[in-house]
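Since the structure comes first, as structure tokens, the remarks are kept for the end.
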Amino acid sequence: MDKRLAAGLAWLATIGWLAPLQAQDTTAVSPRVFSVGLSGQYGFIFAHTQDVENTRGARPWGVQATFVWQRTDAQAWNTCACYPRQGLLLGYYNYDSPVLGHSAKAAYFLEPTFRLTPRLSGLVRGTGGLAYLTNPYHPVRNPLNQSYSLPVSIYIAFGLGLNYQLTPRYRLNAQAVYEHISNGGMKEPNKGINYPMMSLGLEYALNPVAIPKRSRTTSQAVGPHSSWQWEAYGFASSRTPGFGQQRRYFIGGAGVLVRKRVGRIHAFNAGLEGYGDFASQERMRQDSIAGLSHWRVGLLAGHDFVLGRFLFSQQLGVYVFNEIPYFGRVYHRWGLTYALDDRWAVGFNLKAHRHVANFIELRLVRKLGQR
């Protein structure tokens, strides 16, 4: 492990053990809490394809600062049976590889937390933002980098962890996180960087934190939480036809979806979508492939985390019509949408085939009704 990272983690651990020795904070506890945190990360690069074998064995490390807002009031509990946290993070990563270089990232995260004991909480964190990378692919300066080709790319992460309340103001945080960086198919090469990480950090709350224990009630478990919902959506994106090309071509389509709420924060969904991929149409023209359609139709199903106005979805799809020869029949989608009101929502969605991102889209959703 890098000496600087080891020293940082030791510093966090020392503060964590000393924090309980402080005098008890007698300031009144607020239902809305703002915290700042500092953490260290250490992990490994997952060489998910032969093209990125030159990154195997790298041990990335990083430091990250977080700015966190949390609600602990009854209204927040009634929404999701959890105490939601959201915030911003700023981080620096050294990828321990001359091919990959370094990165700085800025992202938003949404983190439902669940009280396990008076001091211990479990958490699930979804993160999305941007990463600035120092050593993108270049045919002369860095021809070995098949992982990314743009200096600014999309950063997403999913983590599970624990928070331990040391004092009313200090909290230890430990997480296992799977992180991914790619440009969503905007420019090739774009195999992406995939790296599982362990994180250990310390947070300080500007006002004291207490996680109250609340029980489910009948009124919270029925009604909208068991409803069927229908919606239609349209989406748009663009990408280049292939490696080394600059011109971008439009991708766009629409779909319909039905969602079944099965609890406060869980729902299952199924849908049908179709779209035109004009980037693949151009690629087929360049490859002298004639007579094949650039339109696709797919069936998909998945799961949603329903967190107030936010919806985090994970879906697996299969093409029922697809003549484009460059991809398999199975694909997956990861999306985040925000409800503007009872009828409209906006968001973005990442579509991928196995471990390779296809495109990132912007999405507009029209809610059709529920029962």
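Remember, my numbering sits 7 above the position in the sequence shown when you count from 1.
Glycine included, every Cβ here is placed at the ideal spot set by N, Cα and C.
Beta carbon of Ala111 nearer than 9 Å to that of Leu96: No, they are not a contact pair.
Relative to the C-alpha of Gly342, which candidate in Val325, Phe328, Lys194 and Val372 has its C-alpha closest? It is Val372.
Assign Asp294 to one of three DSSP states: helix, strand, or coil. coil
Could you give the C-beta distance for Leu307 and Gln322, rounded to a whole number, given that I count them as a contact under 8 Å? 5 Å
Compute the beta-carbon to beta-carbon distance between His301 and Gly281, rounded to the nearest angstrom, for a pair I have assumed lies under 8 Å. With 8 Å as the limit, His301 and Gly281 do not qualify as a contact, their Cβ atoms being about 12 Å apart.
Assuming Val327 and Val304 make a contact with CB atoms under 8 Å, what is their CB distance in whole Å? The Cβ separation is near 5 Å, so the contact holds.
Kindly list the residues whose CB is nearer than 6 Å to the CB of Gly379, restricted to its own chain and excluding five residues on each side of it in sequence; keep chain order. Absent from the model: residue 379. The displayed extent of the chain is 8 to 378, so no value can be given.
Boundaries of the beta strand (DSSP E) in which Arg266 is found, first to last residue: Note, Arg266: beta strand (DSSP E), Tyr256 to Arg268.
Determine contact between the segment 63-72 and the segment 159-173, defined as no fewer than three beta-carbon pairs at a distance below 8 Å. no
Who pairs with Thr73 in a beta bridge, going by DSSP? Its beta-bridge partners are Gly44 and Leu96.
Following the continuous beta strand (DSSP E) through Glu280, name the residue where it begins and the one where it ends. His273 to Asp284
Neighbourhood of Glu330 by C-beta distance below 7 Å, restricted to the same chain and skipping five residues each side: Hits under 7 Å: Leu299 and Ser300.
Taking 7 Å as the limit between beta carbons, can you name the residues of its chain near Glu289, skipping five residues before and five after? Pro248 and Tyr256
Let me make sure I understand the geometry here. Which of Pro203, Trp76 and Ser234 has the alpha-carbon closest to that of Arg378? Ser234
Rank Lys220, Ser46 and Met193 by C-alpha distance to the C-alpha of Pro38 and give the top, closest one. Lys220
Limits of the unbroken beta strand (DSSP E) element including Gly208: Ile200 to Ala212
Anticipated Cβ contact below 8 Å, Tyr90 with Thr120, distance rounded: 5 Å
Residues in its own chain within less than 8 Å of Pro125 by CB, not counting five upstream and five downstream? A distance below 8 Å between beta-carbons, with the five flanking residues on each side excluded, links Pro125 to the following residues of its chain, in chain order: Gln172, Ile218 and Lys220.
Indicate whether Leu264 and Ala243 have their beta-carbon atoms separated by less than 9 Å. Their beta carbons are not under 9 Å apart, which means Leu264 does not touch Ala243 by this criterion.
What's the C-alpha gap between Asn201 and Ala54? 7 Å
From this set, Thr344, Val363 and Leu375, which residue's C-alpha is nearest Ile188's C-alpha? Val363
If you run the structure through DSSP and keep just helix, strand and coil, what is Val147? coil
Enumerate in chain order the residues of its own chain whose CB-to-CB distance from Gly260 is below 7 Å, with the five nearest sequence positions on each side excluded. Phe242, Glu280, Gly281, Tyr282 and Gly283
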